[in-house]
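In the working numbering, the protein residues as written are 220 to 367.
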Ligand code: ZN
């Protein structure tokens, strides 16, 4: 178990130090800002969506290691997915980090490394921020998302 935790830790550190898809997507109609006032994490998420498929993902912002790693892992997980699939991954991820449960047919893949945050309620808000921002893009509700 210790080894698995170490591996998870390494993946989180890697993604927080070298976030994937950390860039602005120009000419995108779909972008949203998210903010977690408890920690000070902020993110702007950009999506290229065509025919209900997320063709490209980018994000910018500044935040703690957990929010950055979560955004980076999310960007990899949702790229190439349909909006319905991305919503499914959102639901599964939210369940994972609040209850620790995964489904046998989990679509989470590498996102499982964030399971440990469920023991730290403050960190759950950091990990979920990029996802709430994603959800806002998918549902087009509000201009700025906060975890509060
Ligand atoms: Zn944070």
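Don't be surprised by glycine CBs; every beta carbon is placed ideally from N, CA and C.
Legend entry - Span of the beta strand (DSSP E), counted from its first residue to its last, around residue 251: If you number the chain shown from 1, residue 251 lands on position 32. From DSSP, the beta strand (DSSP E) with residue 251 extends over 249-255.
Inset, instruction - Can you give me the Cβ contacts of residue 230 inside the same chain, cut-off strictly under 7 Å, excluding the 5 residues immediately before and after it? - result: For the purposes of this step, residue 230 is taken as residue 11 along the chain shown, with counting starting at 1. Correct list, in chain order: 329, 332.
Legend entry - Contact test: residue 289 Cβ vs the ligand ZN heavy atom, cutoff 7 Å: Numbered from 1 along the chain shown, position 70 holds the residue referred to as residue 289. Outside the cutoff, so no.
Legend entry - Status (buried if at least 16 other CB within 10 Å, exposed otherwise) for residue 248: Numbered from 1 along the chain shown, position 29 holds the residue referred to as residue 248. Counting Cβ neighbours within 10 Å, residue 248 comes out exposed, since fewer than 16 surround it.
Legend entry - Same chain, Cβ closer than 6 Å to residue 268, neighbours up to 5 away in sequence not counted: As a first step, residue 268 must be located in the chain shown, where it is residue number 49. The answer, listed in chain order, is 249.
Legend entry - At least 3 beta-carbon pairs within less than 8 Å: the region 282-291 vs the region 300-309: Touching, no, given that fewer than three Cβ pairs across the two stretches are closer than 8 Å.
Legend entry - Cβ pair residue 227, residue 319 closer than 8 Å: Indexing the chain shown from 1 puts residue 227 at position 8. Indexing the chain shown from 1 puts residue 319 at position 100. By the CB criterion at 8 Å, residue 227 and residue 319 fall outside the cutoff.
Inset, instruction - Give, in chain order, every unbroken run of the alpha helix (DSSP H) that is at least 4 residues long and sits entirely within the region 257-331. - result: Runs found: 284-297, 302-318.
Inset, instruction - Pick helix, strand or coil for residue 366, following the three-state DSSP scheme. - result: Reading the chain shown from its first residue, position 147 is the one you call residue 366. In the structure shown, residue 366 sits in coil (DSSP, three-state: anything other than H, G, I, E or B).
Legend entry - Cβ-Cβ separation, residue 316 to residue 290 (assumed contact under 8 Å), whole Å: Numbered from its first residue, the chain shown carries residue 290 at position 71. Numbered from its first residue, the chain shown carries residue 316 at position 97. With 8 Å as the limit, residue 290 and residue 316 do not qualify as a contact, their Cβ atoms being about 14 Å apart.
Legend entry - Among 282, 234, 225, the one whose alpha carbon lies nearest that of residue 296: Residue mapping note: residue 296 aligns to position 77 of the chain shown, counting from 1. Nearest of 282, 234, 225 to residue 296, Cα basis: 234.
Legend entry - Simplified DSSP state of residue 359, which is helix, strand or coil: If you number the chain shown from 1, residue 359 lands on position 140. In the structure shown, residue 359 falls within a coil segment according to DSSP collapsed to helix, strand and coil.
Inset, instruction - Using 10 angstroms around the beta-carbon of residue 348, count the other beta-carbons present and answer buried if the total reaches 16, otherwise exposed. - result: Translated into positions along the chain shown, residue 348 becomes position 129. Under a 10 Å Cβ-count criterion, residue 348 is classified as buried, with 16 or more other Cβ atoms of the shown protein chains found around its own Cβ.
Legend entry - Cβ-Cβ distance between residue 278 and residue 237 below 8 Å: Within the chain shown, the letter at position 59 stands for residue 278. Within the chain shown, the letter at position 18 stands for residue 237. It is not a contact, given that the beta carbons lie outside the stated cut-off.
Legend entry - residue 257 beta carbon less than 8 Å from that of residue 344: One-based indexing of the chain shown puts residue 344 at position 125. One-based indexing of the chain shown puts residue 257 at position 38. Contact: yes.
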